[in-house]
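Presented below is the structure to which this report refers.
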């Protein structure tokens with residue numbers, strides 16, 4: 001069964017705008033990771049946040065984690081057309097990752 | 001530039017035929033995962049290995065699927081006999097030692113179509 005559930009399922013924004021994607025999960029986790037998948041490609045790791053962390057930054061990415069609400073958000077600032085892809089959250093527990101079904105982000109030039 | 005490689009990239013076969021997919025993990029990575037991705041089910045973990053030993057294959061239909069690591073540089077996923085419902089993209093991923101909570105590095109996938 002899917003652990004992480006992303007929201008929204010699809011997001012369309014204008015280049016330069018910020019994109020916010022959310023993920024909720026059900027059980028205890030060790031960490032939460034976000035991945036990106038371009039059409040026809042494998043997944044690429046973006047950022048990892050451990051369960052004892054609340055916020056993390058990497059370039060234009062900002063991820064937050066609220067373990068009390070069992071939720072995470074990924075913010076992409078100043079989006080670019082090249083950010084168009086599917087984004088997945090993955091929860092780490094019991095030595096493996098469980099992926100959500102993903103969010104399709106379209107950034108219009 | 002270290003990458004996970006997978007062969008073949010595309011495979012079209014007929015129902016009942018055997019399919020073998022291969023994966024070469026990144027050198028030095030000791031944990032290897034097999035995933036299947038479909039529109040309906042999303043990304044599902046089929047099996048994973050650490051130091052070539054299978055740790056969990058509970059996501060894999062045992063009657064027709066088998067996964068092995070003959071050596072540290074090769075992982076295989078075999079389907080025999082294949083069925084149309086096996087049509088999907090199969091990904092291999094590898095992770096560094098210490099623990100599998102580290103980021104996983106994905107291969108480009110094998111797109112399987114079973115007619």
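Residue numbers (the working numbering), protein chains in the order written: chain A, 1 to 109; chain B, 1 to 115. C-beta atoms are modelled at their ideal positions from N, C-alpha and C, and glycine is treated no differently. Given the structure is predicted, the values throughout are model-derived calculations rather than measurements.
Residue i versus residue j: straight-line alpha-carbon distance, rounded
| i | j | result |
| --- | --- | --- |
| residue 92/A | residue 58/A | 20 Å |
| residue 61/B | residue 50/A | 32 Å |
| residue 33/A | residue 89/A | 6 Å |
| residue 63/A | residue 81/A | 20 Å |
| residue 23/A | residue 67/A | 12 Å |
| residue 47/B | residue 29/A | 20 Å |
| residue 56/A | residue 106/B | 23 Å |
| residue 54/A | residue 84/B | 44 Å |
Simplified DSSP state of residue i, which is helix, strand or coil
| i | result |
| --- | --- |
| residue 64/B | coil |
| residue 8/A | coil |
| residue 2/B | coil |
| residue 50/A | strand |
| residue 71/A | strand |
| residue 70/B | strand |
| residue 60/A | coil |
Identity of the residues DSSP links to residue i by a beta bridge
| i | result |
| --- | --- |
| residue 79/B | 19/B, 65/B |
| residue 53/B | 50/B |
| residue 39/B | Its beta-bridge partners do not exist; DSSP assigns none. |
| residue 90/B | 36/B, 110/B |
| residue 91/A | 32/A, 98/A |
| residue 66/A | 71/A |
C-beta atoms of residue i and residue j nearer than 9 Å
| i | j | result |
| --- | --- | --- |
| residue 30/B | residue 95/B | yes |
| residue 108/A | residue 13/A | yes |
| residue 74/A | residue 20/A | yes |
| residue 101/A | residue 45/B | no |
| residue 43/A | residue 76/A | no |
| residue 18/B | residue 70/B | no |
| residue 79/A | residue 15/A | yes |
Residue i: CB within 8 Å of a non-hydrogen atom of the ligand PLP
| i | result |
| --- | --- |
| residue 104/B | Inclusion of the ligand PLP in the displayed structure is not the case, the ligand content being empty and no account of it being possible. |
Min CB distance residue i to chain E below 9 Å
| i | result |
| --- | --- |
| residue 107/B | Among the protein chains in the structure shown, which are A and B, there is no chain E. |
Item to check | Near-chain A residues of the segment 45–75 of chain B (beta-carbon distance less than 9 Å), N- to C-terminal order | outcome: 45, 48, 50, 55, 56
Next on the checklist: Which residues of the segment 14–38 of chain A have a Cβ closer than 9 Å to any Cβ of chain B? Give them in chain order.
Outcome noted: Along the segment 14–38 of chain A, the positions whose C-beta sits under 9 Å from a C-beta of chain B are 30, 31, 33, 35, 37, read in chain order.
Next on the checklist: Please list, in chain order, the residues of the segment 27–43 of chain B that have any C-beta partner in chain A closer than 7 Å.
Outcome noted: Residues 42, 43.
Checklist entry - According to a CB-to-CB cut-off of less than 7 Å, which residues of the segment 47–61 of chain A neighbour chain B? => result Legend: CB atoms of the segment 47–61 of chain A lying less than 7 Å from CB atoms of chain B belong to residues 48.
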